[in-house]
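Here it is as structure tokens:
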């Protein structure tokens, strides 16, 4: 497993999408799609991540999942 695959596995685990690697985007629900879009950005290890309404359109449970993931830390400093 190379470094890129390790990073992908790490990010998918942190955003709770590990095990979904073989699924197509159309097979994901809206909350999973939001998490996937965040994962795509995190793969590049940005110095800063700006999110515009990351919980928009999600039910309360889905919104709480996104907030928990972001506040729980992803190996980065959150502010």
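Residue numbers (the numbering used here): 2 to 80. C-beta atoms are modelled at their ideal positions from N, C-alpha and C, and glycine is treated no differently. Computed from a predicted structure; not experimentally measured.
In the DSSP assignment, find the alpha helix (DSSP H) that holds residue 61 and state where it starts and stops.
-> Position 60 of the chain shown, counted from the first residue, corresponds to residue 61. Per DSSP, residue 61 is one residue of the alpha helix (DSSP H) stretching across 61 to 73.
What is the residue span of the alpha helix (DSSP H) that residue 133 lies within?
-> Since the first residue shown for the chain is 2 and the last is 80, residue 133 is missing from the structure and cannot be characterised.
Residues of its chain near residue 36, where Cβ-Cβ distance is below 6 Å and the 5 sequence neighbours each way are ignored = On the chain shown, residue 36 is found 35 positions in, with the first residue counted as 1. Closer than 6 Å at the Cβ level, and outside the excluded window around residue 36, lie 16, 18.
So the alpha helix (DSSP H) residue 32 belongs to, where does it begin and stop?
-> Residue numbering aside, residue 32 sits at position 31 when the chain shown is read from its first letter. 31 to 43 is the span of the alpha helix (DSSP H), which, as asked, contains residue 32.
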